[in-house]
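Student: Structure below; questions to follow.
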Amino acid sequence: MLLSIQDLDVAFRMGRGVLAQAVQGVSFDVPEHTTVALVGESGSGKSVTAMSVLNLLPENAQRSGRIHWQGKDLLQAGLAELQALRGREIACVFQDPMSSLNPVFDVGQQLCEPLMKHLGMGRRQALARAEELLGEVGIPEPKRRLASYPHEMSGGQQQRVMIAMALACEPKLLIADEPTTALDVTIQRQIMELLARLKTERRMSVLFISHDLGLVGEIADHVVVMRGGVVREQGPVARIFEAPRDDYTKALLACRPSLEGNPARLMVIDDHIAGRQARQHAQAKDPAAPVVLEARSLSKSFWLRKGLFGRREFKAVSDVNFRLRKGHTLGVVGESGSGKTTMGLALLRLHEPNRGPEGGEVIFDGRNLLKLNDVDRQLMRRRIQIVFQNPYASLNPRFTIGQALVEPMAIHGIGTTLAEREQRARALLEKVGLDGRAFGKYPHEFSGGQRQRVAIARCLTLNPEVLVLDEAVSALDVSVQAQVLNLLRDLQDEFGLSYVFISHDLAVVRFISDEVLVMKDGLVVEQASAAQILAAPREDYTKRLLAAIPRGYRAAA
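Okay, so the sequence shown: first residue is -12 according to our numbering, each after it adds one.
Structure follows, in C-alpha cells:
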C-alpha cells in the first residue's frame, strides 16, 4: 500500500484552549497506480485531510491517528524528513495557480528549483529538463515559455506549469486539490486528460480533491465522500455512482444541473435528504414580453504596444447583437478569452466600448447608454447592476454587511433616513436567505455562497431591472451553486428581473437561460434558444463545448 490514512483527527487551536474539530476518524487507502478522489462541499475536511499528509497545515493544527507512507508513519516524521518527501515523492497541485506561482520569478526559474534541490542537477541540465517538462504537459513553444512570467500565461497554461513543477521529480503520489475548479470546460477537459495520461505513463497514484462528482466519475478508481469532517461513504467509483448508500452521496449526485430537462428548481442537499421532490418543468416565459435591453453591433477593442512606438488593435468584442426581454435570461457562454466578460462590462460601460459608430449601441429604456453624460449614466446605473465572479474580492473587507448594503442606497438617494435604509437592507438579507445576524458581520465571517448572496442583495437595494451576472456561480460547490441558481430564479419570478448570465458551464446555462449566445474570439458564433443550442448545435465550437462537459461515471464507462 502506497499511502494509508487511519483514524485521522485534525483540530485547530482557536485561543483560550478552544479546539475546532475539522476532521474526525478519517480512514482510507491509496494503492499504487490508483486515483482516489476525496469529494465533498467546502468545509467538509477534504483539503485538510490531504494537506495533513505532508503537514502543510497552519501551526495551530493538531493531528492524531496514523498516516503511513510506504509503511512509515508521517505523523512521527520530522521537518527535514518531510521536506525531503515534498516534491520528491509526494507532490501537490493547488486550486489557484496564480497564488501558487511566484510572480517575480519566470517559469524556468520555478521549474528548475525542485530539479536542482531534489535531484542535484546543474543549472543547464535543469533548464533542459524544464523545457522537456513544459512540452510534456502541452505548453506550446516550451523553450520560449521558460522566460515567461506567470501573469503572461492563461489560467490553463498556469495550471499546466504547476503540474509540470509537481511532476519534475517524478513523484509516486500527486495530490491535486481542486486543480480545475476555476477553468472553463474545454481547458478543464484538457487538464483532466493530461493528468490521466501522465498517471498511466509514470505509473503514479493521484489523490484528487473535488466537489464535482461528475468530474470525479471520469477520473477516479475509488471515491471517498466527506461531510463535516467525517467520511460518509467510500467505495469503487462504479458502486458509488450506480448504487450510492448514503443520503448525502445521493444528494450530491442529484443537485448538479443536467443537460437534459429543465426543472423549475434544482434539488439541494436538504431537499434530497428530506425526500422533497422538485417541480419538473419551469414556468413558460412570455415570448412577447417587452424588450428591456438591446445591443446593436456592440464592439470593444484594446490597443497593445507593438515595438517601441507602434501599437496594434486587439478586438475583444466585435459586432454583438441581442435583445433581452423583461423577465427573461440571456445566457452567454464561451471559453476564457472568448470576450463574454468584456461584453458584459461594456454593456455597463465599465469597459468603454469603441468610440463613435464603431462601438455600436446599447439601448435601454429607449436611450443609448453609450451616449449618456455622467449624470444620466449614474441615474441609469441603479437600474442595471452587476454581480461579479469572485465574492471575496467584490465586498469591502472593512465594511460590515449592513454598511455594504446601505452605502449604495445612500449614494443613489434611496430611503430618507438611515433607519429606513437599514430596515430595507435587513429585509433584502432575509430575501436572499440570510438572517438578521448577518447585518453586523464582516465578509470574512461568511462562506463563498453566503457572500454571493450578499452581493446579490446589494444589487437589489437599488431596485434594478437588469442584472449582469459574470460567472456568479462558477466558484461555488454544486450544492451551494444550486441554492444560488434557485434564488436567482425566485427573484426573477418575484421582481420580473432580466438577466445577462455569463458562464462557461452549459449545464448551468441550460437551467437558467431562455436564449443563449455562444462566443468565440469576440464574435457570436451561434445564437438560439437554450433547448435548441443543446439539442442541435450547429457550430463545431458549440459541439466541442458540449463534449467537454463532465458527465460522470456512466457516460465515461
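Beta carbons are placed, not taken as given, at the ideal position from N, Cα and C, and that holds for glycine.
Where do the N-terminal and C-terminal ends of the alpha helix (DSSP H) with K104 fall, by residue?
Tutor: V94 to L106
Student: With H, G and I counted as helix, E and B as strand and the rest as coil, what does DSSP make of P129?
Tutor: helix
Student: For a test of the three-state rule: what should DSSP assign to K313, helix, strand or coil?
Tutor: coil
Student: Can you tell me whether A542 is helix, strand or coil according to DSSP?
Tutor: Because A542 sits at a pLDDT of 45, beneath the cut-off of 50, its placement in the model cannot be relied upon, and the following sentence gives the value as read from the coordinates. In this structure, A542 counts as helix in the three-state DSSP scheme.
Student: Taking a contact to mean a Cβ-Cβ separation below 8 angstroms, would you say S31 touches R232 in this structure?
Tutor: no
Student: At what residues does the beta strand (DSSP E) containing E432 begin and finish?
Tutor: Segment: none, E432 is in no beta strand (DSSP E) and carries neither H nor E.
Student: Taking DSSP as the reference, what is the three-state secondary structure of A48?
Tutor: In the three-state reduction of the DSSP assignment, A48 falls in the strand class.
Student: Please say whether C242 and I260 have beta carbons closer to each other than 8 angstroms?
Tutor: no
Student: Taking the beta strand (DSSP E) that T167 belongs to, which residues open and close that run?
Tutor: From DSSP, T167 is part of no beta strand (DSSP E); its letter is neither H nor E.
Student: Report back the beta-carbon spacing between F228 and G539 to the nearest angstrom; my notes put them in contact at under 8 angstroms.
Tutor: 6 angstroms
Student: Are A(-7) and G74 closer than 8 angstroms when you measure CB to CB?
Tutor: Checking the sequence shown, residue -7 turns out to be Gln, not Ala. The answer is no: Cβ separation not under 8 angstroms.
Student: Within this structure, are the beta carbons of V26 and S197 separated by less than 8 angstroms?
Tutor: yes
Student: Which first and last residues belong to the beta strand (DSSP E) in which T22 is found?
Tutor: T22 to V26
Student: Using the Cβ count rule (16 or more neighbours within 10 Å means buried), how would you classify A544?
Tutor: Because the pLDDT at A544 is just 39, under 50, the model does not fix this residue reliably, and the point stays unresolved.
Student: Does the distance from the C-beta atom of G435 to that of S29 stay below 8 angstroms?
Tutor: yes
Student: Nearest to G400 by alpha carbon, out of Q177, K418, E46 and N450?
Tutor: N450
Student: I'd like the span of the alpha helix (DSSP H) that includes P84, first residue to last.
Tutor: P84 to S87
Student: Buried or exposed for K159, going by 16 or more other Cβ atoms inside 10 Å?
Tutor: buried
Student: Helix or strand or just coil, what does DSSP make of E118?
Tutor: Reduced to three states, the DSSP call for E118 is helix.
Student: Indicate the three-state DSSP secondary structure (helix, strand or coil) for A(-2) in the structure shown.
Tutor: strand
Student: Rounded C-beta distance between L161 and A71? I'm assuming under 8 angstroms.
Tutor: The Cβ separation is near 17 angstroms, so there is no contact.
Student: Is it buried or exposed for I536, if we count other Cβ within 10 angstroms and need 16 for buried?
Tutor: buried
Student: Whole angstroms are fine: how far does the CA of L170 sit from the CA of S323?
Tutor: Roughly 8 angstroms separates the two Cα atoms.
Student: Evaluate contact between the segment 426 to 435 and the segment 460 to 467, counting only Cβ atoms and requiring at least three cross-stretch pairs below 8 angstroms.
Tutor: yes
Student: When the Cα atoms are used, what is the spatial distance from Q112 to H105?
Tutor: 13 angstroms
Student: Under three-state DSSP, which class holds C156?
Tutor: coil
Student: For the beta strand (DSSP E) that R292 lies in, which residues bound it at each end?
Tutor: V278 to K293
Student: So does the segment 501 to 515 actually touch the segment 321 to 339, counting three or more Cβ pairs closer than 8 angstroms?
Tutor: With the rule of 3 Cβ pairs closer than 8 angstroms, the segment 501 to 515 counts as touching the segment 321 to 339.
Student: To the nearest whole angstrom, what separates the beta carbons of L62 and L41, a pair I think is in contact under 8 angstroms?
Tutor: Contact flag wrong, Cβ pair sits at about 11 angstroms.
Student: Starting from the Cα of S490, find the closest Cα among G483, F482, D480 and Q468 and give me that residue.
Tutor: Nearest option by C-alpha distance: Q468.
Student: Taking 8 angstroms as the limit between beta carbons, can you name the residues of its chain near R189, skipping five residues before and five after?
Tutor: L154 and E157
Student: Let's test the definition: count the other Cβ atoms within 10 Å of the Cβ of S86 and tell me whether it reaches 16, buried, or not, exposed.
Tutor: exposed
Student: According to DSSP, simplified to helix, strand and coil, what is F228?
Tutor: helix
Student: Please report the distance separating the alpha-carbon of D16 from that of L66.
Tutor: Distance from the CA of D16 to the CA of L66, rounded to the nearest whole angstrom, comes to 24 angstroms.
Student: Using the C-alpha atoms, what's the distance from P277 back to I373?
Tutor: 21 angstroms
Student: When the Cα of R531 is compared with those of G353, R342, V172 and A333, which residue comes out closest?
Tutor: V172
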